[in-house]
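S.K.:
Number of protein chains: 2
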Amino acid sequence: MTELLWGPRQPPSRGPKRAMSLEGIAQAGIKLADAEGLDAVSMQRVAGELSFTKMSLYRYVPGKAELVAVMTDLAVGQPAEHPGLSWREALSAWAYDLYAAFERHPWLLLSTVGRRLLGPNELTWMDRGVQALAGTGLNGGEQLDSVLVVTGHVRTIAQQSLTMPGGTTGVIEEHITATLTDVLSTQADRFPGLSGAMQSIDGNQNQGLTFGLTRILDGLSLLIAGRAKS
Amino acid sequence: MTELLWGPRQPPSRGPKRAMSLEGIAQAGIKLADAEGLDAVSMQRVAGELSFTKMSLYRYVPGKAELVAVMTDLAVGQPAEHPGLSWREALSAWAYDLYAAFERHPWLLLSTVGRRLLGPNELTWMDRGVQALAGTGLNGGEQLDSVLVVTGHVRTIAQQSLTMPGGTTGVIEEHITATLTDVLSTQADRFPGLSGAMQSIDGNQNQGLTFGLTRILDGLSLLIAGRAKS
DNA sequence: CGTTACTGTGTCCGGTGGACACAATAACGC
DNA sequence: GCGTTATTGTGTCCACCGGACACAGTAACG
Numbered sequence: 760m761t762e763l764l765w766g767p768r769q770p771p772s773r774g775p776k777r778a779m780s781l782e783g784i785a786q787a788g789i790k791l792a793d794a795e796g797l798d799a800v801s802m803q804r805v806a807g808e809l810s811f812t813k814m815s816l817y818r819y820v821p822g823k824a825e826l827v828a829v830m831t832d833l834a835v836g837q838p839a840e841h842p843g844l845s846w847r848e849a850l851s852a853w854a855y856d857l858y859a860a861f862e863r864h865p866w867l868l869l870s871t872v873g874r875r876l877l878g879p880n881e882l883t884w885m886d887r888g889v890q891a892l893a894g895t896g897l898n899g900g901e902q903l904d905s906v907l908v909v910t911g912h913v914r915t916i917a918q919q920s921l922t923m924p925g926g927t928t929g930v931i932e933e934h935i936t937a938t939l940t941d942v943l944s945t946q947a948d949r950f951p952g953l954s955g956a957m958q959s960i961d962g963n964q965n966q967g968l969t970f971g972l973t974r975i976l977d978g979l980s981l982l983i984a985g986r987a988k989s
Numbered sequence: 760m761t762e763l764l765w766g767p768r769q770p771p772s773r774g775p776k777r778a779m780s781l782e783g784i785a786q787a788g789i790k791l792a793d794a795e796g797l798d799a800v801s802m803q804r805v806a807g808e809l810s811f812t813k814m815s816l817y818r819y820v821p822g823k824a825e826l827v828a829v830m831t832d833l834a835v836g837q838p839a840e841h842p843g844l845s846w847r848e849a850l851s852a853w854a855y856d857l858y859a860a861f862e863r864h865p866w867l868l869l870s871t872v873g874r875r876l877l878g879p880n881e882l883t884w885m886d887r888g889v890q891a892l893a894g895t896g897l898n899g900g901e902q903l904d905s906v907l908v909v910t911g912h913v914r915t916i917a918q919q920s921l922t923m924p925g926g927t928t929g930v931i932e933e934h935i936t937a938t939l940t941d942v943l944s945t946q947a948d949r950f951p952g953l954s955g956a957m958q959s960i961d962g963n964q965n966q967g968l969t970f971g972l973t974r975i976l977d978g979l980s981l982l983i984a985g986r987a988k989s
């Protein structure tokens, strides 16, 4: 099962030479997903992009789920290196890098929901995140949970700011705020908290990533400081 | 657009009486999604559940997206009331309630990704979350962002613990840990952070929700305390 | 009682993921 | 050199999907 993403994949000796490559297929899929969203990625279209028939793809990939998995791992890529930083700086940079990855390929938000195949690159991301916390006094489970909180937040902000139904990338949450202000203008009394919050908004928008990240890192600091003392 | 979820929907006077109801259709869809996952929800199957043809559904719902939106709002329901709690207690209870909602209907994790139609119940959830922070010194934007962080975390934990590819509910992250330990056992040196973390795990598992929530609330406390002083 | 608006149904379409048989290809043992 | 054999990409076929549209039946209105 993990073979596709992890195995060496040496070619067989008999038979005609392969006309395509797994990476080339995945790249075609990525190109399609970047341009038209994840929903546009079908076996037909990917094969068409490479001027082959869709069934030929099944010689390289067991099914669509696996194709998307390969695309995902290839698109997420390797995390950047940030040597010589404190755990807080490292984790913060890591979070912004992750957000940038989602920004490059918004469909990653859709392709990484639910249980799925894990690729080496995705695992490397997790590894780097955990490494940032290796020096602190947190135990393994806490390190993993901490990284999970940060990824969750990055996902949430990315999702809210750059996702549209079909998986297409969009400008910025235009539609949601539209219906929201529409509803609030007519039924403000039904949602006192929201309508109150909408009124007392400072000009600073799209600060969601930094805001939440700061809270999370502050909370982690507190825990780590407590550990260091004991 | 928002009419379906918000409008009063009074029936017309002419013509035969309606044999079904929007809510009944949504309930059938929910039943299907609960049992077999969101992918099992098709017009055919929902109509079949009610012993009607699929095209009859289009007399009640413009398309599948809207049906899922109605299902979602109906399934998420109204948040429970928790009067007389501090902002921290209230937001914490709110978070656990939200997690419980995802637990009841795991497919909500899939149906609430990306841009979509917002229903009154979903908006009520947001409103209650914001209300919990109304008393603090945070401004509206900060209140919204704070609730967003919490929802993101709840989603993340729920997603990791009870989602499977098709949208089916699963036991607990069996598959992911399987591949993870499998990979780590053979290539531990490639992922030093992860393999290190896996070794130093305390017995306490599935604490992810509480752990992250505590960090976030700690971070918020810090901010709120700072505001109160100035 | 005819008109009219509305209901649920049947038929049709393009697109999807995938199973399977098929001819062409190229390395192997002899 | 030559059959054998594994492997390639292809073509055909299927069930299913969301949805457009025309249709006959129904029930309130003038």
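Here the protein sequences line up with chains A and B, keeping their order. What the first sequence shows, in the working numbering, is residues 760 to 989, in sequence order. What the second sequence shows, in the working numbering, is residues 760 to 989, in sequence order. The beta carbon of each residue, even a glycine, is placed where N, CA and C say it ideally should be.
#1: Whole-angstrom Cβ separation of residue 942 of chain B and residue 854 of chain B, contact assumed at under 8 Å?
#2: Mind checking the segment 863-877 of chain B against chain A and listing, in chain order, the residues whose C-beta falls within less than 8 Å of any C-beta there?
#3: For residue 818 of chain A, count neighbouring C-beta atoms within 10 Å of its own C-beta (all shown protein chains included) and say buried if the count is 16 or more, exposed if not.
#4: Excluding five sequence neighbours on each side, which residues of the same chain lie with their C-beta closer than 6 Å to the C-beta of residue 829 of chain A?
#5: Would you report the Cα separation of residue 780 of chain B and residue 766 of chain B, rounded to the nearest angstrom?
#6: Between which two residues does the alpha helix (DSSP H) containing residue 866 of chain B stretch?
#7: The segment 834-853 of chain B: which residues have C-beta closer than 9 Å to a C-beta of chain A, in chain order?
#8: What span of residues does the alpha helix (DSSP H) with residue 823 of chain A cover, start to end?
#9: When the cut-off is 7 Å and only beta carbons count, does residue 890 of chain B lie next to chain A?
#10: Excluding sequence positions up to five away, which residues of its chain have a Cβ less than 7 Å from the Cβ of residue 797 of chain B?
#11: Along the chain, where does the alpha helix (DSSP H) that runs through residue 920 of chain B open and close?
#12: Are the segment 892-901 of chain A and the segment 944-962 of chain B in contact at 8 Å, needing three or more beta carbon pairs?
#13: Below 7 Å CB to CB, which residues in the same chain sit around residue 838 of chain A once its five sequence neighbours on both sides are set aside?
#14: Using only the alpha-carbon positions, how far apart do residue 879 of chain B and residue 875 of chain A sit?
#15: Alpha carbon to alpha carbon, how far is residue 782 of chain A from residue 808 of chain A? Give it in angstroms, no decimals.
#16: Identify the contact partners of residue 959 of chain A in chain B, using a Cβ-Cβ distance below 7 Å as the criterion.
#17: Is the shortest distance between the beta-carbon of residue 977 of chain B and the beta-carbons of chain A less than 7 Å?
#18: So, at 7 Å on beta carbons, what are the nonlocal neighbours of residue 806 of chain A in its own chain, with the 5 sequence-adjacent residues on each side left out?
#19: Please return the same chain residues whose Cβ sits closer than 6 Å to the Cβ of residue 770 of chain B, not counting the five positions on each side in sequence.
#20: Measure the CB-CB distance between residue 978 of chain A and residue 975 of chain B and report whether it falls below 7 Å.
#21: Alpha carbon to alpha carbon, what distance is there between residue 877 of chain B and residue 890 of chain B?
#22: Of the choices B:835, B:851, B:834 and B:836, whose alpha-carbon is the least far from that of residue 842 of chain B?
#23: Residue 804 of chain B to residue 794 of chain B, Cα distance in whole Å?
#24: Would a C-beta distance cut-off of 7 Å place residue 911 of chain B and residue 973 of chain A closer than the cut-off?
#25: Identify whether residue 850 of chain B lies in helix, strand or coil by the three-state DSSP scheme.
#26: Less than 7 Å between CB atoms is the rule here; does residue 956 of chain A satisfy it with respect to chain B?
#27: Can you tell me the Cα-Cα spacing of residue 772 of chain A and residue 906 of chain B, whole angstroms?
#28: What residue range is occupied by the uninterrupted alpha helix (DSSP H) comprising residue 883 of chain A?
#29: Drop a sphere of 10 angstroms on the beta-carbon of residue 788 of chain B, count the other beta-carbons inside from all chains shown, and report buried for 16 or more, exposed for fewer.
#30: Return yes when the Cβ of residue 893 of chain A is within less than 7 Å of the Cβ of residue 873 of chain B, no when it is not.
#31: If distances are taken between C-alpha atoms only, which option among A:836, A:776 and A:799 comes closest to residue 859 of chain A?
M.R.: With the structure as the only source:
#1: Numbered from its first residue, the second sequence carries residue 942 of chain B at position 183. Numbered from its first residue, the second sequence carries residue 854 of chain B at position 95. In fact, because the Cβ distance is near 32 Å, the residues do not count as touching under 8 Å.
#2: Taking 8 Å as the Cβ-Cβ cut-off against chain A, the residues of the segment 863-877 of chain B that qualify are 868, 869, 872, 873, 874, 875, 876 and 877.
#3: Within the first sequence, the letter at position 59 stands for residue 818 of chain A. Exposed, since its Cβ has fewer than 16 Cβ neighbours within 10 Å.
#4: Taking the first residue of the first sequence as 1, we reach residue 829 of chain A at position 70. Closer than 6 Å at the Cβ level, and outside the excluded window around residue 829 of chain A, lie 785.
#5: On the second sequence, position 21 is the one that residue 780 of chain B refers to. On the second sequence, position 7 is the one that residue 766 of chain B refers to. Roughly 14 Å separates the two Cα atoms.
#6: By 1-based counting over the second sequence, the position of residue 866 of chain B is 107. Premise fails: residue 866 of chain B is in no alpha helix (DSSP H) and is neither H nor E.
#7: none
#8: Locating residue 823 of chain A in the first sequence gives position 64, where the first residue counts as 1. Per DSSP, residue 823 of chain A belongs to the alpha helix (DSSP H) from 823-835.
#9: Position 131 of the second sequence, counted from the first residue, corresponds to residue 890 of chain B. Interface residue, yes.
#10: Numbered from its first residue, the second sequence carries residue 797 of chain B at position 38. The residues are 866, 869, 870 and 926.
#11: The residue given as residue 920 of chain B occupies position 161 in the second sequence. Here the alpha helix (DSSP H) through residue 920 of chain B covers 899-921.
#12: yes
#13: Position 79 of the first sequence, counted from the first residue, corresponds to residue 838 of chain A. Answer for residue 838 of chain A: 853, 856, 883, 884 and 887, listed in chain order.
#14: Locating residue 879 of chain B in the second sequence gives position 120, where the first residue counts as 1. Locating residue 875 of chain A in the first sequence gives position 116, where the first residue counts as 1. Going by the C-alpha atoms only, they are around 32 Å apart.
#15: Position 49 of the first sequence holds residue 808 of chain A. Position 23 of the first sequence holds residue 782 of chain A. For the pair residue 808 of chain A and residue 782 of chain A, the Cα-to-Cα distance works out to about 14 Å.
#16: In the first sequence, residue 959 of chain A corresponds to position 200, counting from 1. The answer, in chain order, is 898 and 899.
#17: Along the second sequence, read from residue 1 onward, the residue named residue 977 of chain B stands at position 218. At a cut-off of 7 Å between beta-carbon atoms, residue 977 of chain B makes contact with chain A.
#18: As a first step, residue 806 of chain A is located in the first sequence; it is residue number 47 there, counting from the start. Closer than 7 Å at the Cβ level, and outside the excluded window around residue 806 of chain A, lie 812, 813, 815 and 816.
#19: Within the second sequence, residue 770 of chain B is the residue found at index 11, counting from 1. Result list for residue 770 of chain B: empty, nothing under 6 Å.
#20: Here residue 978 of chain A refers to the residue found at position 219 when the first sequence is read from its first residue. Here residue 975 of chain B refers to the residue found at position 216 when the second sequence is read from its first residue. Yes; because the gap between Cβ atoms is below 7 Å, this pair is in contact.
#21: Position 131 of the second sequence holds residue 890 of chain B. Position 118 of the second sequence holds residue 877 of chain B. Whole-angstrom Cα-Cα distance: 19 Å.
#22: In the second sequence, counting from the first residue as 1, residue 842 of chain B sits at position 83. Ranking the options by Cα distance to residue 842 of chain B, first place goes to B:851.
#23: Locating residue 804 of chain B in the second sequence gives position 45, where the first residue counts as 1. Locating residue 794 of chain B in the second sequence gives position 35, where the first residue counts as 1. Using only the alpha carbons, I get a separation of about 12 Å.
#24: Position 152 of the second sequence, counted from the first residue, corresponds to residue 911 of chain B. Position 214 of the first sequence, counted from the first residue, corresponds to residue 973 of chain A. Against a cut-off of 7 Å, the Cβ pair of residue 973 of chain A and residue 911 of chain B comes out as no contact.
#25: The count along the second sequence starts at 1 and reaches residue 850 of chain B at position 91. Residue 850 of chain B: helix per DSSP, three-state reduction.
#26: For this step, residue 956 of chain A is matched to residue 197 along the first sequence. So yes, residue 956 of chain A belongs to the interface.
#27: For the purposes of this step, residue 772 of chain A is identified with residue 13 of the first sequence, where counting begins at 1. For the purposes of this step, residue 906 of chain B is identified with residue 147 of the second sequence, where counting begins at 1. If you take the alpha carbons of residue 772 of chain A and residue 906 of chain B, they lie about 58 Å apart.
#28: Residue numbering aside, residue 883 of chain A sits at position 124 when the first sequence is read from its first letter. Here the alpha helix (DSSP H) through residue 883 of chain A covers 879-891.
#29: Translated into positions along the second sequence, residue 788 of chain B becomes position 29. It counts as buried.
#30: On the second sequence, residue 873 of chain B is found 114 positions in, with the first residue counted as 1. On the first sequence, residue 893 of chain A is found 134 positions in, with the first residue counted as 1. No, they are not a contact pair.
#31: For the purposes of this step, residue 859 of chain A is taken as the residue at position 100 of the first sequence. Checked all of A:836, A:776 and A:799; the closest Cα to residue 859 of chain A is A:836.
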